[in-house]
Amino acid sequence: MNKYFQIAKLTWDETLVYRLNFVMWRIRVVLQILTLYFLWASLIPSGTTLFGYDQSQMLTYILGASLVSSIVLSSRSSAVGDEINSGNLSNFLLRPINYFLYWFSRDVGDKAMNIAFAMVELTIIFAILKPPLFIRVESIHLLLTFVAIILAIIIYFFFSFLLGLIGFWNPEVWAPRFIFTVLLNFFAGGLFPLDILPKFIFSIFQLLPFTYLLYFPIKIYLGQLTTIEIFTGIAISLVWTTLLYVVVKYIWRKGLLVYTAQGR
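If you count the sequence shown from 1, position 102 lands on 101 in numbering that gives the first Met the number 0, and the numbers rise without skipping.
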């Protein structure tokens, strides 16, 4: 496992090499956080409620979504399609290394860097804005939130990897990923809590895997889910994790059958 730790560490070092790109990315993230923060702060003044949320709960949700997004939705496996199209995949097929674990390790290194910056950014925002946050200290809720985040990381990794496998059949892998990324923030609850949607629509969302990337972990933290709802959500996450794993492995094997590595 040491080689995968070294891969994660090299990803961290690689990010520091391209500092400007990373800094611009983090600036975009901060601007998005501030936009949502001031939007909801104006919609829910102190002492009022909207959609069943008071100001502290909604602002905690928005800032929490930003932190969880930095953990869950950051990924280096987006380069899988490029590796396939360029023929560089052949280099990995000839080495004693698990291609899935290689990219998961790169994701871990990328997430570590994003978490570090997100904590600094949120600390500065807290110090300047002093938002009325909802703080939960019960260890059981924190533990269940952690479990939900781990499952969310795995689910998103499989989605990201699956999009990269499009490269086996189509050199255009950027467009599908861009569309997926744009839609994901909405379906995962990155802009607002999904339970403010009409009940029928929300019930459909609960069956989809995207709900469990951002919305579900934060709702556990806020203590707004019953024990049954929490364990039902974890069970659904496990089902989607297993299903996506099977699909990714199947598509991977099918892709290798048509892989040509032109120019290699």
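Think of the CB as a built atom: it goes at the ideal place given N, C-alpha and C, for glycine as much as any other residue. Computed from a predicted model, the values in this text were never measured in an experiment.
Next on the checklist: Please report the distance separating the alpha-carbon of Tyr220 from that of Leu196.
Outcome noted: Looking up residue 220 in the sequence shown gives position 221. Looking up residue 196 in the sequence shown gives position 197. Those two C-alpha atoms are separated by around 20 Å.
Item to check | 7 Å Cβ cutoff met for Phe209 and Phe177 | outcome: What you label residue 209 is simply residue 210 of the sequence shown in a count that begins at 1. What you label residue 177 is simply residue 178 of the sequence shown in a count that begins at 1. No, these two residues do not count as a Cβ contact at 7 Å.
Next on the checklist: On the DSSP bridge list, what partners appear for Asp53?
Outcome noted: The residue given as residue 53 occupies position 54 in the sequence shown. Note: Asp53 sits in a beta bridge opposite Thr48.
Checklist entry - In chain order, what residues of the same chain lie with their CB nearer than 7 Å to the CB of Thr59, ignoring the 5 residues before and after it? => result Residue numbering aside, residue 59 sits at position 60 when the sequence shown is read from its first letter. Leu132, Phe133, Leu221.
Checklist entry - So what does DSSP say about Thr225, is it helix, strand or coil? => result Indexing the sequence shown from 1 puts residue 225 at position 226. Looking at Thr225 - three-state DSSP - the assignment turns out to be coil, as it is neither helix nor strand.
Checklist entry - For Ala64, does the count of other Cβ atoms within 10 angstroms reach 16, so buried, or fall short, so exposed? => result As a first step, residue 64 is located in the sequence shown; it is residue number 65 there, counting from the start. Result: buried.
Checklist entry - Can you tell me whether Val246 is buried or exposed, with buried defined as 16 or more other CB within 10 angstroms of its CB? => result To locate residue 246, count along the sequence shown from 1; it is residue 247. Looking at its Cβ environment, which holds fewer than 16 other Cβ atoms inside 10 Å, Val246 is exposed.
Next on the checklist: What does the Cβ neighbour count give for Asp12, buried or exposed, with the cut at 16 atoms within 10 Å?
Outcome noted: Within the sequence shown, the letter at position 13 stands for residue 12. So Asp12 ends up on the exposed side.
Next on the checklist: I need the straight-line Cα distance from Gly80 to Lys2, nearest angstrom please.
Outcome noted: Working through the sequence shown from its first residue, we reach residue 80 at position 81. Working through the sequence shown from its first residue, we reach residue 2 at position 3. So the two alpha carbons sit approximately 23 Å from each other.
Next on the checklist: At the level of alpha carbons, what is the spacing between Gly188 and Asp194?
Outcome noted: Numbered from 1 along the sequence shown, position 189 holds the residue referred to as residue 188. Numbered from 1 along the sequence shown, position 195 holds the residue referred to as residue 194. Rounded to the nearest angstrom, the two C-alpha atoms are 9 Å apart.
Item to check | Supposed contact pair Ala7 and Ser73 - C-beta distance, whole angstroms, cut 8 Å | outcome: Translated into the one-based positions of the sequence shown, residue 73 becomes position 74. Translated into the one-based positions of the sequence shown, residue 7 becomes position 8. Actually they are not in contact, since the Cβ atoms of Ser73 and Ala7 sit about 13 Å apart, beyond 8 Å.
Item to check | Where Asn184 falls: helix, strand or coil (DSSP) | outcome: As a working note, residue 184 is residue 185 in the sequence shown. Helix.
Checklist entry - In this structure, does DSSP put Val136 in helix, strand or coil? => result Residue 136 sits at position 137 when you count from the first residue of the sequence shown. Three-state DSSP puts Val136 in coil, outside helix and strand.
Checklist entry - Mind checking Val136: buried by the 16 CB within 10 Å criterion, or exposed? => result The residue labelled residue 136 in the question sits at position 137 within the sequence shown. Exposed, because fewer than 16 other Cβ atoms sit within 10 Å of the Cβ of Val136.
Checklist entry - Helix, strand or coil: how does DSSP classify Ile6 here? => result The residue you call residue 6 lines up with position 7 of the sequence shown. The answer is helix: DSSP assigns Ile6 an H, G or I state.
Checklist entry - Is it buried or exposed for Leu213, if we count other Cβ within 10 angstroms and need 16 for buried? => result Counting from one through the sequence shown, the residue named residue 213 turns up at place 214. Buried, since its Cβ has 16 or more Cβ neighbours within 10 Å.
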